[in-house]
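Below is one structure, written out as structure tokens, with a few remarks after it.
Number of protein chains: 2
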Amino acid sequence: MAIVDDMVCFSLYSASRATTRAYTELLAPWQLTYTQYLVLVALWSEGDKPVREIGEMLQLDSGTLSPLLRRLEQKDFIERQRDDQDSRVVNVRLTPAGVSLRKELAHIPAQIACGTGLSDMENAKELLASLHRITASMQQIPAPDQASGQ
Amino acid sequence: MAIVDDMVCFSLYSASRATTRAYTELLAPWQLTYTQYLVLVALWSEGDKPVREIGEMLQLDSGTLSPLLRRLEQKDFIERQRDDQDSRVVNVRLTPAGVSLRKELAHIPAQIACGTGLSDMENAKELLASLHRITASMQQIPAPDQASGQ
DNA sequence: CGCAATTCAATTGTGCGCAACTTAAATTAT
DNA sequence: ATAATTTAAGTTGCGCACAATTGAATTGCG
Numbered sequence: 697m698a699i700v701d702d703m704v705c706f707s708l709y710s711a712s713r714a715t716t717r718a719y720t721e722l723l724a725p726w727q728l729t730y731t732q733y734l735v736l737v738a739l740w741s742e743g744d745k746p747v748r749e750i751g752e753m754l755q756l757d758s759g760t761l762s763p764l765l766r767r768l769e770q771k772d773f774i775e776r777q778r779d780d781q782d783s784r785v786v787n788v789r790l791t792p793a794g795v796s797l798r799k800e801l802a803h804i805p806a807q808i809a810c811g812t813g814l815s816d817m818e819n820a821k822e823l824l825a826s827l828h829r830i831t832a833s834m835q836q837i838p839a840p841d842q843a844s845g846q
Numbered sequence: 697m698a699i700v701d702d703m704v705c706f707s708l709y710s711a712s713r714a715t716t717r718a719y720t721e722l723l724a725p726w727q728l729t730y731t732q733y734l735v736l737v738a739l740w741s742e743g744d745k746p747v748r749e750i751g752e753m754l755q756l757d758s759g760t761l762s763p764l765l766r767r768l769e770q771k772d773f774i775e776r777q778r779d780d781q782d783s784r785v786v787n788v789r790l791t792p793a794g795v796s797l798r799k800e801l802a803h804i805p806a807q808i809a810c811g812t813g814l815s816d817m818e819n820a821k822e823l824l825a826s827l828h829r830i831t832a833s834m835q836q837i838p839a840p841d842q843a844s845g846q
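Order-wise, the sequence lines are chains H and A. Per the working numbering: the first sequence = residues 697 to 846. Per the working numbering: the second sequence = residues 697 to 846.
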């Protein structure tokens, strides 16, 4: 059983890397990474957002997001501005170029859909459920405790 | 359908990161990363191997493996030696410390098993099949071609 | 009000993942 | 035999993931 679980983890890791590579190839003409694409998807679907909310959506901290957003800003797809009310907050806003990129990249989900090799929706639902269950329960594993050797 | 596939990819990415974090926590007392652990698992189960074969097993290239193996060597878990017959090849061998680490880390798969939240073996099998299918078909997505827009 | 605790973003540092390139050795072809 | 090709491992460079720290702003509590 334990061996199977190690296999599940490795398969997860392999599948995730294969997926990232696929997105990277599709996004290459725009010089975008998969994570940068995820941020753009979040902004397209949810509108402008502060850094903290983007981080909550994608489960990324400022150590990842700050330099990533700087690069998206350099490419002129987003702008960052300190909030007027609370100047700790930095609001992220799509530029016109960032907005119009949505149509340019509209072909990507369909190409990825082929890549999932998921024939029917029923399989996809089960897979999603399994992945969500794993994500949730992996987060339960506690930091190793000096006292409880085991 | 396309949106679901984007969701599958993101869920994959999230589950994979959650899993890596879980391993990282469990491996923290030994200062090992998940990828370093994978290399050790490969050596424990298959015996000594040249770098190229480790790379084939884990789908990692020398750009990742060379520095990783250097760090495992510095921790005295492995040794590297140029092959006598073919001096392009570098053979990786477990040290006594690397061998005995296997027992020390024997508790980890069981703890990860809890983390997968997979109740029965049947679910695990289906999940494995889905992940392998995704890995295989994602590798089919071709590099974007200048000529064929779309 | 005044100060401690909290929150938010950025920075620093480490290691992985991967593309591109280098170097050296072995293989193949001529 | 030697030139061309291929193979193996290493190096460089970039971006992400994440822990730890910093600094500034805000909130909360006495």
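All C-beta atoms in this analysis are idealised placements derived from N, C-alpha and C, irrespective of residue type, glycine included. Note that the structure is predicted; figures quoted are calculated from it, not measured.
Straight-line Cα distance separating residue j from residue i
| i | j | result |
| --- | --- | --- |
| alanine 802 of chain H | proline 725 of chain H | 14 Å |
| leucine 739 of chain H | glycine 759 of chain H | 19 Å |
| valine 785 of chain A | threonine 731 of chain H | 36 Å |
| proline 805 of chain A | leucine 768 of chain A | 21 Å |
| arginine 829 of chain H | glycine 813 of chain A | 6 Å |
| leucine 723 of chain H | glutamate 800 of chain A | 43 Å |
| glutamate 749 of chain A | leucine 764 of chain A | 15 Å |
| leucine 823 of chain A | glycine 751 of chain A | 24 Å |
| valine 704 of chain H | alanine 832 of chain H | 15 Å |
| leucine 790 of chain A | glutamate 721 of chain A | 23 Å |
| glutamine 836 of chain H | aspartate 744 of chain A | 35 Å |
| leucine 818 of chain H | aspartate 782 of chain A | The sequence as given places glutamate at residue 818 of chain H; leucine does not occur at that position. Approximately 51 Å between the Cα atoms of the pair. |
| threonine 729 of chain H | threonine 729 of chain A | 24 Å |
| proline 792 of chain H | arginine 766 of chain H | 17 Å |
| glutamate 742 of chain H | glutamate 742 of chain A | 49 Å |
Assigned exposure category for residue i - 16 Cβ within 10 Å defines buried
| i | result |
| --- | --- |
| alanine 820 of chain A | buried |
| aspartate 701 of chain A | buried |
| serine 710 of chain A | buried |
| methionine 834 of chain H | buried |
| serine 707 of chain A | buried |
| serine 712 of chain A | buried |
| threonine 715 of chain H | buried |
| serine 796 of chain H | exposed |
| serine 826 of chain A | buried |
| glutamine 846 of chain H | Annotation note: pLDDT 35 at glutamine 846 of chain H (below 50); position unreliable, coordinate value reported separately. Glutamine 846 of chain H should be labelled exposed. |
Cβ neighbours of residue i in the same chain (closer than 7 Å, five flanking residues each side left out)
| i | result |
| --- | --- |
| alanine 718 of chain H | Ile808 and Gly811 |
| arginine 653 of chain A | Any question about residue 653 of chain A goes unanswered here, given that chain A covers just 697 to 846. |
| methionine 753 of chain H | Ala738 |
Close-in-space but distant-in-sequence residues of the same chain around residue i (CB under 6 Å, 5 per side omitted)
| i | result |
| --- | --- |
| aspartate 779 of chain A | Val785 and Asn787 |
| glycine 794 of chain A | Phe773 and Ile774 |
| glutamine 770 of chain H | none |
Sequence-distant residues of the same chain with beta carbon closer than 8 Å to residue i, five excluded per side
| i | result |
| --- | --- |
| proline 746 of chain A | Asp779, Val785, Val786, Asn787 and Val788 |
| serine 762 of chain H | Val747 |
| glutamine 755 of chain A | none |
| glutamine 727 of chain A | Lys771 |
| aspartate 757 of chain H | Gly751 |
Original post:
Counting Cβ pairs closer than 8 Å, one from the segment 732-743 of chain H and one from the segment 763-781 of chain H, do we hit at least three?
Top reply: Yes, since at least three Cβ pairs between the segment 732-743 of chain H and the segment 763-781 of chain H fall closer than 8 Å, the two stretches touch.
Subject >> Contact set between the segment 809-828 of chain A and chain H, restricted to residues whose Cβ is under 9 Å from the partner >> reply: Ala809, Cys810, Gly811, Thr812, Gly813, Leu814, Met817, Asn819, Ala820, Lys821, Glu822, Leu823, Leu824, Ser826, Leu827 and His828
Subject >> Proximal residues, the segment 710-730 of chain A versus chain H, C-beta separation under 9 Å >> reply: Ser710, Ala711, Ser712, Arg713, Ala714, Thr715, Thr716, Arg717, Ala718, Tyr719, Glu721, Leu722, Leu723, Ala724, Pro725 and Tyr730
Original post:
What residues in the segment 738-751 of chain H bring their beta carbon closer than 7 Å to a beta carbon of chain A?
Top reply: From the segment 738-751 of chain H, no residue has a Cβ closer than 7 Å to chain A.
Subject >> Contacting positions in the segment 749-768 of chain H - beta carbon closer than 7 Å to chain A >> reply: Gln755
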